[in-house]
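Comments concern the structure below.
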Amino acid sequence: MKYGLHTLSRVAMLDLANALIANRLQSPYSAIQVAACVPNAECDTTARELERMHADGLDSRHIASILNLLATERGANQQAIDRLQLVWTGPEVPGAVSRDTGVVVRELFNCARRSVLLSTFTIRHGEEVFATLAESFQQNPSLQIRLVVNVSRNGDYSSSEQQLLSRFADEFWTEHWPWSQRPLVYFDPRGLSLDKNVIASLHAKCIIVDDEIAFVTSANFTEWAQERNVEAGVLIRDENFARTLRNQFDALIAARRLLLLPGSAHLGIIET
């Protein structure tokens, strides 16, 4: 049986339940009686619903139990809602409820205390996009930062893999991460292969912070993607999910399916 009381807030449900158990509310229920527990706009509806339940044979203890159960369910649902948030980039339109991609990314970079793992397909103007992360790194040198990036031939089928990798590394450390304090940067070597049966792209776009928060998104690390394009993502505050996602990258690194980009900092040493 579905009761109209489910539209009340969790706090109002608990207040009503406590008032019923303490006998501060008794049948016949009225709007004046319930006014101390629910908003004025809900008083008449709530009183009628309580009286209907009483007429159906439910005493105050039964009604209080139902309200407590509804409040517990409401609390669990709210926790689930808080764990998942839509993150969106695109034109603002009436009725849209979401968080902006660029804002979320900067907040994640600011709140990181122990670790950041970031994976992206495309980077443009990285000096601007990564500025907040670099600042957090400078303020907290113990912060473990790992970037996973896509390195590709980009139409160049005459240069060797080593030549392409060296060019990419030079560009990355010059244009995208020009700061002296460097993170660990990994790439998928398959992106440089000439073998059509081997070549592949690293297309995953996500951020994992402190093994507590994960952001999975369609947005690359470019100004367009974070500020102008239409992009969709989800911010997930769940430690199990964050660790599971991070473990996927750890497994690839351990198996040497992802390799360090030349110039990366590794155990205090610049890799070359």
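With this note's numbering applied, the sequence shown covers 126 to 397.
No residue lacks a Cβ here, since even glycine has one placed at the ideal position from N, Cα and C.
Under DSSP, glutamate 356 takes part in a beta bridge, and its partners are Thr214.
A residue is called buried once 16 or more other Cβ atoms fall within 10 Å of its Cβ, and valine 228, having fewer, is exposed. Excluding the 5 residues flanking it on each side, leucine 268 has same chain C-beta neighbours closer than 8 Å at Ala237, Arg238, Arg239, Ser240, Val241, Ser261, Phe262, in chain order. The C-alpha of threonine 226 lies about 16 Å from the C-alpha of arginine 362. In the same chain as phenylalanine 366, and ignoring 5 residues on each side of it, the C-beta atoms closer than 7 Å to its own belong to Ala339, in chain order. In this structure, threonine 247 lies near asparagine 345, with their beta-carbon atoms less than 8 Å apart. Under the three-state reduction of DSSP, cysteine 331 is assigned to strand. In this structure, threonine 214 sits near valine 355, with a CB-CB distance shorter than 8 Å. The alpha-carbon separation between valine 212 and phenylalanine 374 amounts to approximately 23 Å. When rounded, the separation of the alpha-carbon atoms in glutamine 158 and alanine 144 is 10 Å. The way I'd put it, the stretch 288 to 301 does touch the stretch 378 to 388; three or more beta-carbon pairs between them come closer than 8 Å. Judged by DSSP secondary structure, phenylalanine 293 falls within the alpha helix (DSSP H) whose first and last residues are 286 to 296.
The three-state secondary structure of leucine 319, taken from DSSP, is coil. The C-beta separation of glutamate 348 from glutamate 232 comes to about 17 Å, leaving the pair out of contact by the 8 Å criterion. Three or more beta-carbon pairs drawn from the stretch 310 to 319 and the stretch 280 to 294 are found closer than 8 Å, and the two stretches are therefore classed as touching. Judged by DSSP in its simplified three-state form, alanine 339 adopts strand.
Listed in chain order, the non-local C-beta contacts of tryptophan 304 below 7 Å within the same chain comprise Ala259, local neighbours out to five positions each way being set aside.
For proline 216, the number of other beta carbons within 10 angstroms of its own is below 16, and it is reported as exposed.
Residue nearest to isoleucine 324 within the set Leu360, Phe312, Cys331, Ala390 is Phe312 (criterion: CA-CA distance). In this structure, the alpha-carbon of proline 314 lies about 27 Å from that of glycine 358. Bridge partners of threonine 245 according to DSSP: Val274. By the CB criterion at 8 Å, serine 244 and alanine 329 fall inside the cutoff. In this structure, valine 310 lies near valine 274, with their beta-carbon atoms less than 8 Å apart. Contact annotation: cysteine 168 and leucine 141 have beta-carbon atoms that are not nearer than 8 Å. Alanine 160 and arginine 186 have their alpha carbons spaced roughly 20 Å apart.
Only residues of its own chain outside the window of five on either side were considered, and among them Val276, Leu317, Pro387 have a CB closer than 7 Å to the CB of leucine 290, listed in chain order. Closest by C-alpha distance to arginine 173, out of Ala380, Ile191, Ile188, Tyr154, is Tyr154. The straight-line gap separating the alpha-carbon atoms of arginine 149 and arginine 177 is approximately 18 Å.
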